[in-house]
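Each residue of the sequence shown is one higher than the one before, starting from 60 at the first, in the working numbering. Beta carbons are placed, not taken as given, at the ideal position from N, Cα and C, and that holds for glycine. This report refers to the structure that appears directly beneath it.
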Amino acid sequence: MTYGTKRRPKCFNFPALENANAPERDILQAQYDFLLELWESVATSGPDLFANLCFRRKGTSKMIDKFAPLSGDIRLDRLLKRYDRHRYDQYFSPNLYARPSRKLSGVRMTRLGWCDVDEADPFAFDPQPSVVWGTSPGRTQALWIWDRPHSPAQASAFSKALAYRHGGDKGGSAANKLLRLPGSFNHKPGYDTPFIPLVHFDPSPITARPKPLTSQHCVSAAEPEALKMNPNAHDRHAVGKKYRLQLDTSTRHLIRHNHAQASDRSSRIFAMVAGLHEARATLDEIASVIWSSPYFREKYGENQNALETEISRIIAKLEADQ
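Structure, rendered in structure tokens:
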């Protein structure tokens, strides 16, 4: 099984995270050590810092957010045991928070860059990443450990530049991004539960930075202002029924799906937003459909900021193309 890399550097720090057959106790300890070493290497000074883990029971779309203060008796191992990797997809937020909430406004200064590398070669990125792990056959995720902290907005801009220039996921640059945890399993149907191996770990601070994007690299170098919407105002299926005559068959089916039936979640989210927008559905109606859709939940979890950002971005693009 390969993970989209032209070469595979040796990972010396956490050997259990490379080996799907390592004893369960060793993998659990390695996950714990990996997270603490990562978070401690990027933590900035300040009072309270909260780390975020997120879990989704296999076969469901509901995301379970858990926070742990990075002070005193840090017991992340309890969460990893309770939401074990055999029954749950395990995720972590690489950035830290000022309070136990994954709202974008709570992200602290960070020394990280991040990217869903997907099928690109992570070692063709410039600069090369500090941490790389597989997420499914042929796909990886990566982190960059910078030599000094940046604001969440600046760190997000660097992450976006990396994705746009080197073939990563262009929609994954938000500072409250969730990533899969090395050592866990990917329980998506059709993947045969692949192990998620750590491929590379080098915590040496990176001094170089990717050049920020300009308008030639994307529709707009700046994100559109997030529109206000209420994702709990309507029932998803009721909205689909209301606009069924104005929607094409494919979009109607996507709205009805209770489980994601395709790996490309971004294009399915786009299709639903575009179809409903063209049918003149209200923002609250669109948000209510996307918020409870498995295509959104598997990608972003219960992240309302991501919901507003994604819908706003898609609508801005649709209106710009008219």
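Short Cβ contact (8 angstroms threshold) for residue i with residue j
i	j	result
Gly231	Asp175	yes
Asp294	Ser352	no
Phe254	Asn72	no
Gly242	Arg146	no
Arg324	Glu369	no
Ala110	Leu155	yes
Asn235	Ser152	yes
Leu286	Leu342	yes
Glu178	Arg161	no
Ile328	Leu335	no
Leu129	Trp173	no
Trp192	Val258	yes
Ala214	Thr266	no
DSSP three-state assignment for residue i, whether helix, strand or coil
i	result
Tyr359	helix
Tyr156	strand
Thr172	According to the sequence as given, residue 172 is Gly; it is not Thr. Strand, per DSSP.
Gly193	strand
Asp206	strand
Phe184	coil
Phe244	strand
Phe73	coil
Lys390	In the structure displayed, the chain extends from 60 to 381; residue 390 sits before or after that span and is not available.
Pro353	helix
Asp323	coil
Lys219	helix
Those residues which DSSP pairs with residue i across a bridge
i	result
His145	Note: His145 sits in no beta bridge, so no partner.
Tyr150	Cys113, Arg239
Asp177	Thr199
Ile265	Trp205
His259	Val191
Val166	Tyr156
Phe329	Beta-bridge pairing links Phe329 to no other residue.
Phe254	Phe244
Candidates the options, of which the one nearest residue i by Cα
i	options	result
Pro186	Arg198, Ser195, Leu202	Leu202
Ala140	Leu112, Met122, Leu129, Arg161	The residue you asked about is not Ala; residue 140 is Lys in the sequence shown. Cα-wise, what sits closest to Lys140 is Leu112.
Ile374	Ala330, Ser322, Glu361	Ala330
His246	Asp85, Tyr150, Ala89	Tyr150
Tyr354	Arg84, Phe126, Pro74, His312	His312
Tyr359	Ala127, Ile86, Tyr91, Ile123	Ile123
heavy atom of the ligand SAM below 7 angstroms from residue i C-beta
i	result
Pro188	In the structure on display, the ligand SAM does not appear, and there are no ligands present to speak of.
Original post:
Which parts of the segment 104 to 142 are runs of the alpha helix (DSSP H), unbroken and 4 residues or longer, counting only runs that do not cross its ends?
Top reply: 135 to 141
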